[in-house]
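*Asks:* Residues 161 to 316 (the working numbering) are what the sequence shown spells out, left to right. We put the beta carbon where it would ideally sit given N, CA and C, even for glycine. All values derive from a computational prediction rather than experimental measurement.
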Amino acid sequence: MRFINLDHGLELYGPETFPIPEHLAALASNPTIIACPGSTTCTKGLVNCWAAADEIRQVLTGQHLQEVRINISGCPNNCAHGAVSDIGLVGLLQKRNGKLAESYRLFRGGGNGRNDKPAKQSEIIYAQDIAAAVKRLLEPAKSDEDQNQRLFFPYP
Ligand code: SF4
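1) Any heavy atom of ligand 1 closer than 7 angstroms to the beta-carbon of Lys277?
2) Express the C-alpha separation of Arg256 and Val294 in angstroms, rounding to a whole number.
3) Do the stretch 216 to 223 and the stretch 198 to 208 make contact, defined as three or more Cβ pairs closer than 8 angstroms?
4) Would you mind reading off the limits of the alpha helix (DSSP H) that contains Leu184?
5) Is Ala212 near ligand 1, judged by its Cβ being under 7 angstroms from some heavy atom?
6) How many angstroms separate the CA atom of Asp246 from the CA atom of Arg296?
7) Identify whether Ser263 lies in helix, strand or coil by the three-state DSSP scheme.
8) Looking at the unbroken beta strand (DSSP E) that takes in Lys255, where does it start and where does it end?
9) Mind checking who Phe163 pairs with in its DSSP beta bridge?
10) Does DSSP classify Phe312 as helix, strand or coil?
11) Going by DSSP in three states, Glu283 sits in which element: helix, strand or coil?
12) Rounding to the nearest angstrom, what Cα-Cα distance links Thr192 and Glu227 in this structure?
13) Which of helix, strand or coil does DSSP assign to Ala188?
14) Is the separation between the beta-carbon of Ala212 and that of Ala195 shorter than 8 angstroms?
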């Protein structure tokens with residue numbers, strides 16, 4: 161039996177459990193990252209969400225952040241629902257050195273759709289810096305003040 165779930169993931173059900181193949185088991189502790197196609201195929205897309213998702217996945221691999229959800233949308237239509245997730249990224253273009261540069265508006269602290277808690281909007285980050293910014297957000301807080309500045313993170 162197969163289902164496509166609300167995260168657009170594929171769920172497989174059968175009469176017996178089976179071990180996850182080794183090359184996939186390494187991904188089991190990764191955060192859930194949901195990204196719309198953005199500028200790869202969507203005519204509304206302003207940024208390449210899949211590239212951002214891949215960069216974020218690479219810097220977070222092995223960090224045991226499987227409880228974290230990161231939702232990435234390629235334009236303000238926000239089809240990936242970043243405004244309710246732990247970390248939401250919504251694409252936009254902003255000028256940098258006179259040219260338009262891919263960027264993301266950052267949202268933090270949503271309830272992931274499990275409650276009515278919206279994420280709070282915070283800074284706008286250039287796409288080239290987004291993986292490092294997300295990694296920094298998920299690092300352990302060094303003090304209470306540091307924790308408060310992160311607005312929400314219960315991790316770790
Ligand atoms: S959020 Fe924007 S870019 Fe992404 S699928 Fe929706 S309309 Fe397209």
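*Replies:* The short version:
1) no
2) 21 angstroms
3) no
4) Glu182 to Ala185
5) no
6) 14 angstroms
7) strand
8) Ile247 to Arg256
9) Glu171
10) Interpretation of Phe312 is limited by its pLDDT of 49, a score under 50 that renders its predicted location unreliable; the figure taken from the coordinates is listed afterwards. The answer is coil: DSSP assigns Phe312 none of H, G, I, E or B.
11) strand
12) 8 angstroms
13) coil
14) yes
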